[in-house]
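Peer 1: Handing you a structure now.
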Amino acid sequence: MKNHLMLAVLAVSAHASASTADTGRQWLAGDHHVHSEWSVDWDHSTTPPTPVRGGDSPYSRSHNAAQAKAFGLRWMVHTDHGGPGHAAVTRDHAYPALVQARADVPEVIQFNGMEFDVPAGEHASLIIAPGPAERDQLVAAERDFSRSEPLQGSRDTEAQMQAALAHLRGLSPAPLMFINHPSRTATGVGEWGEVTPDELRGWHAAAPNVLVGMEGAPGHQAIRTERGLYRNADAPTMGGYDQMTAQVGGIWDQMLAEGMRFWITANSDSHVNLRDGGRDYDPGEYSKTYTWARPEADDILDALRHGRMFTVTGDLIDALSLRVTAGDTRGGPGDTVTLAATQTMQVEVRVRQPTHANANGQHPALKRIELIVGGKGDDGSVQMQRRGFDATTWSRDGEWTVARWSLPVPSHGGFVRVRGNSTGAVEAVLDAPGEDPWQDLWFYSNPVFVRVDQHPNGS
């Protein structure tokens, strides 16, 4: 681990023309799914069960923050998971440990959170906005709504999840929620398990300012037999990404084509590091979510809430600019641009590769960039357009690799996003047991939405 990894995230990218809102913003890498010793085990010989410190992770929160700093992160969320009566552990142990970690590693902005046991689902990262109520807000959410909190009985119902979302959307400042590893329990490609596309749509609709996305790239990438712990051989990850994200025209694209402002992230889900006999990488060691934000907690949350972010594995890139332009109108990830149907839109992506080696000692090559445009056709079906670039078709501008595409505005509106990889693969294929994750690296942006102005001349 080298502290100089931090330097890459401090440089300002060519993200946008400098508007007032963008003043002071830069690409800040982070991780919203990290476990510590307060992800406890349980001694069920007692009534109620007794929490066993360090049961699912041996590390202190200060240790995790120090590792995050060493691997170049500027922000992280502590997300220990629950169990019967775990809200008391959150209140009496995990929160004081967060306060200590903030004092020990002030260079990393640290958020209070948990891996919420979703009623009628699986898991989600719940992120609480910093402030005087941050401890009590998390304790109440876990105590009153977590599926695994009751000592007796069950809360595993859709009604309980709807009640949780209603409670969370009423908090001020508003928290955030990202669904974790959405297809981990899938039984095949397109054969969903504990999380279904309809549930994602319904949960987002119930609290669109709170439940804003999902893990595009799940954690647990270090165990090569089952990357992400996607144990079903017929439904593994694809290039380390969840199938809902990795398939062009798949579930994520379908939701975006419906106009859902639903974002993707990448993180470690760190429990026990590979070097210590575990199946995980440390925060920032392999996966990063970059937010376009000032180094302030509120602006980082704003970036996460509004999609100003991209994801990457293996430090394939460390900065990205995606611009959709027509005339004087332009927008980047998370933005909505309104264009006339008669216009031609210019799409430009710029990506920068780090000058330093990644945590595996590599300087990975970037072999493919792909621009992806989606929207609804006349018959309501999802229509996708794609254009791939490699070293023979992209250009260079100093430290930036640049790809450009001119095309008509989608007739019914839509979205633009970009992804790329280190292998040159056109499609993200099913990950095979035993493959080396460091030889298959990807980045994915969040989208720019395109709205069509049906009356561009005011008629």
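Residue numbers (our numbering): 527 to 985. Think of the CB as a built atom: it goes at the ideal place given N, C-alpha and C, for glycine as much as any other residue.
Count the other CB atoms, across all protein chains shown, that sit within 10 Å of the CB of Ala-743; report buried if there are 16 or more and exposed otherwise.
Peer 2: Residue 743 sits at position 217 when you count from the first residue of the sequence shown. Buried, since its Cβ has 16 or more Cβ neighbours within 10 Å.
Peer 1: According to DSSP, is His-604 helix, strand or coil?
Peer 2: If you number the sequence shown from 1, residue 604 lands on position 78. If DSSP states are grouped into helix, strand and coil, His-604 belongs with the strands.
Peer 1: Taking only runs of the alpha helix (DSSP H) that begin and end inside the stretch 804-841, which ones reach a length of at least 4 residues, in chain order?
Peer 2: You should have 823-832.
Peer 1: In whole angstroms, what is the alpha-carbon distance linking Glu-684 and Arg-801?
Peer 2: On the sequence shown, position 158 is the one that residue 684 refers to. On the sequence shown, position 275 is the one that residue 801 refers to. So the two alpha carbons sit approximately 40 Å from each other.
Peer 1: Roughly how many whole angstroms lie between the Cα atoms of Ala-783 and Val-644?
Peer 2: Position 257 of the sequence shown, counted from the start, is the residue given in the question as residue 783. Position 118 of the sequence shown, counted from the start, is the residue given in the question as residue 644. So the two alpha carbons sit approximately 26 Å from each other.
Peer 1: Less than 8 Å separating the beta-carbons of Ser-565 and Asp-606?
Peer 2: For the purposes of this step, residue 565 is taken as residue 39 along the sequence shown, with counting starting at 1. For the purposes of this step, residue 606 is taken as residue 80 along the sequence shown, with counting starting at 1. Closer than 8 Å, so yes.
Peer 1: By Cβ distance, which residues of its chain are closer than 6 Å to Arg-943, with the 5 residues on each side in sequence left out?
Peer 2: Taking the first residue of the sequence shown as 1, we reach residue 943 at position 417. Around Arg-943: Ile-898, Ser-971 and Pro-973.
Peer 1: Does the contact criterion of 3 or more C-beta pairs under 8 Å hold for the stretch 680-697 versus the stretch 617-636?
Peer 2: no
Peer 1: So the alpha helix (DSSP H) Leu-1074 belongs to, where does it begin and stop?
Peer 2: The structure shown does not extend to residue 1074, since the chain is modelled only from 527 through 985, so no value can be given for it.
Peer 1: Nearest to Val-560 by alpha carbon, out of Thr-546, Gly-580 and Arg-587?
Peer 2: Sequence index remark: in the sequence shown, residue 560 carries index 34 (1-based). The shortest Cα separation from Val-560 among Thr-546, Gly-580 and Arg-587 belongs to Arg-587.
Peer 1: Please determine, among Thr-546, Leu-967 and Phe-975, the residue with the shortest C-alpha to C-alpha distance to Tyr-767.
Peer 2: Taking the first residue of the sequence shown as 1, we reach residue 767 at position 241. Closest option to Tyr-767, Cα to Cα, is Leu-967.
Peer 1: Contact defined as beta carbons within less than 8 Å: I believe Gln-636 pairs with His-604. What is the distance between those atoms, to the nearest angstrom?
Peer 2: In the sequence shown, the residue the question calls residue 636 occupies position 110. In the sequence shown, the residue the question calls residue 604 occupies position 78. Their Cβ separation, rounded to whole angstroms, is 7 Å, which keeps Gln-636 and His-604 in contact under 8 Å.
Peer 1: What are the boundary residues of the beta strand (DSSP E) that Ile-898 is part of?
Peer 2: What you label residue 898 is simply residue 372 of the sequence shown in a count that begins at 1. Looking at the DSSP string, the run of the beta strand (DSSP E) that includes Ile-898 is 894-902.
Peer 1: Within 10 angstroms of the Cβ of Ala-759, are there 16 or more other Cβ atoms? Answer buried if so, exposed if not.
Peer 2: Stepping through the sequence shown from its first residue, residue 759 is reached at position 233. So Ala-759 counts as exposed.
Peer 1: For Asp-613, which residues from the same chain have a beta carbon less than 7 Å from its beta carbon, with the 5 sequence-adjacent residues on both sides left out?
Peer 2: Here residue 613 refers to the residue found at position 87 of the sequence shown. Per the sequence presented here, residue 613 reads as Ala, with Asp not at that position. Contacts found: Val-665, Glu-668, Arg-669 and Glu-675.
Peer 1: Taking the runs of the alpha helix (DSSP H) that are 4 residues or longer, which of them lie wholly in the stretch 630-692?
Peer 2: 660-671
Peer 1: Measuring alpha carbon to alpha carbon, tell me which of Leu-865, Asp-844 and Thr-839 ends up nearest Thr-851.
Peer 2: Position 325 of the sequence shown, counting from 1, holds the residue named residue 851. If we check each option's Cα against that of Thr-851, Leu-865 comes out closest.
Peer 1: Within 10 angstroms of its Cβ, does Thr-546 collect 16 or more other Cβ (buried), or is it exposed?
Peer 2: Within the sequence shown, residue 546 is the residue found at index 20, counting from 1. Label assigned to Thr-546: exposed.
Peer 1: Is DSSP giving Leu-536 helix, strand or coil here?
Peer 2: The sequence position of residue 536 within the sequence shown is 10, counting from 1. Residue placement at Leu-536 cannot be trusted, given a pLDDT of 33 that sits under 50; what the coordinates show is reported in the next sentence. Residue state, collapsed to three classes: helix.
Peer 1: Going by C-alpha distance, which of Leu-830, Asp-824, Arg-579 and Gly-940 is nearest Pro-734?
Peer 2: For the purposes of this step, residue 734 is taken as residue 208 along the sequence shown, with counting starting at 1. The candidate whose alpha carbon is nearest that of Pro-734 is Leu-830.
Peer 1: Can you give the Cα-Cα distance for Leu-892 and Arg-945, rounded to whole angstroms?
Peer 2: Position 366 of the sequence shown, counted from the start, is the residue given in the question as residue 892. Position 419 of the sequence shown, counted from the start, is the residue given in the question as residue 945. Leu-892 and Arg-945: Cα-Cα distance of roughly 11 Å.
Peer 1: Just the Cα atoms here: how many angstroms apart are Lys-902 and Val-908?
Peer 2: Numbered from its first residue, the sequence shown carries residue 902 at position 376. Numbered from its first residue, the sequence shown carries residue 908 at position 382. One C-alpha to the other measures close to 5 Å.
Peer 1: So, is Thr-839 buried or exposed, given that buried needs 16 or more other C-beta atoms within 10 angstroms?
Peer 2: For this step, residue 839 is matched to residue 313 along the sequence shown. That one is buried.
Peer 1: For Asp-824, count neighbouring Cβ atoms within 10 angstroms of its own Cβ and tell me buried if that reaches 16, exposed if not.
Peer 2: Taking the first residue of the sequence shown as position 1, residue 824 is located at position 298. It counts as exposed.
Peer 1: Between Glu-641 and Ser-651, is the Cβ-Cβ spacing less than 8 Å?
Peer 2: Sequence index remark: in the sequence shown, residue 641 carries index 115 (1-based). Sequence index remark: in the sequence shown, residue 651 carries index 125 (1-based). Contact flag set, yes.
Peer 1: By how many angstroms is the C-alpha of Glu-896 removed from the C-alpha of Gly-950?
Peer 2: As a working mapping, residue 950 is identified with position 424 in the sequence shown. As a working mapping, residue 896 is identified with position 370 in the sequence shown. The alpha-carbon atoms of Gly-950 and Glu-896 are separated by roughly 10 Å.
Peer 1: Are the stretch 868-887 and the stretch 832-846 in contact at 8 Å, needing three or more beta carbon pairs?
Peer 2: yes
Peer 1: Sort out for me which residues DSSP pairs Tyr-970 with in a bridge.
Peer 2: Against the sequence shown, residue 970 aligns to sequence position 444. Looking at the DSSP output, Tyr-970 bridges to Thr-837 and Arg-945.
Peer 1: Exposed or buried, what is Gln-769 when buried is set at 16 or more other beta-carbons lying within 10 Å of its beta-carbon?
Peer 2: The residue given as residue 769 occupies position 243 in the sequence shown. Under this definition Gln-769 is a buried residue.
Peer 1: In terms of alpha-carbon separation, which member of Arg-894, Pro-699, Gly-939 and Gln-879 lies closest to Ala-917?
Peer 2: Numbered from its first residue, the sequence shown carries residue 917 at position 391. Selected option, being the one with the closest Cα: Arg-894.
Peer 1: Considering only their Cβ atoms, is the gap separating Pro-880 from Gly-593 smaller than 8 Å?
Peer 2: Residue mapping note: residue 593 aligns to position 67 of the sequence shown, counting from 1. Residue mapping note: residue 880 aligns to position 354 of the sequence shown, counting from 1. The residue asked about is misnamed: residue 593 is Gln in this sequence, not Gly. No, the pair does not count as a contact, with Cβ atoms beyond the cut-off.
Peer 1: List the DSSP bridge partners of Asn-799.
Peer 2: Residue mapping note: residue 799 aligns to position 273 of the sequence shown, counting from 1. Paired residue(s): Asp-806.
Peer 1: What residues in its chain sit with their C-beta under 6 Å from that of Thr-862, if we drop five residues either side in the sequence?
Peer 2: Your numbering for residue 862 matches position 336 in the sequence shown. The answer, listed in chain order, is Phe-975 and Arg-977.
Peer 1: Would you call the CB atoms of Ser-932 and Ala-867 closer than 8 Å?
Peer 2: By one-based count along the sequence shown, residue 932 stands at place 406. By one-based count along the sequence shown, residue 867 stands at place 341. No. Outside cutoff.
Peer 1: In three-state DSSP terms, what is Arg-849?
Peer 2: Reading the sequence shown from its first residue, position 323 is the one you call residue 849. Strand at Arg-849.
Peer 1: Take Gln-980 and list the residues in its own chain whose beta-carbon comes closer than 6 Å to its own, dropping the five residues that flank it on each side.
Peer 2: For the purposes of this step, residue 980 is identified with residue 454 of the sequence shown, where counting begins at 1. So the list is empty, once near-sequence residues are dropped.
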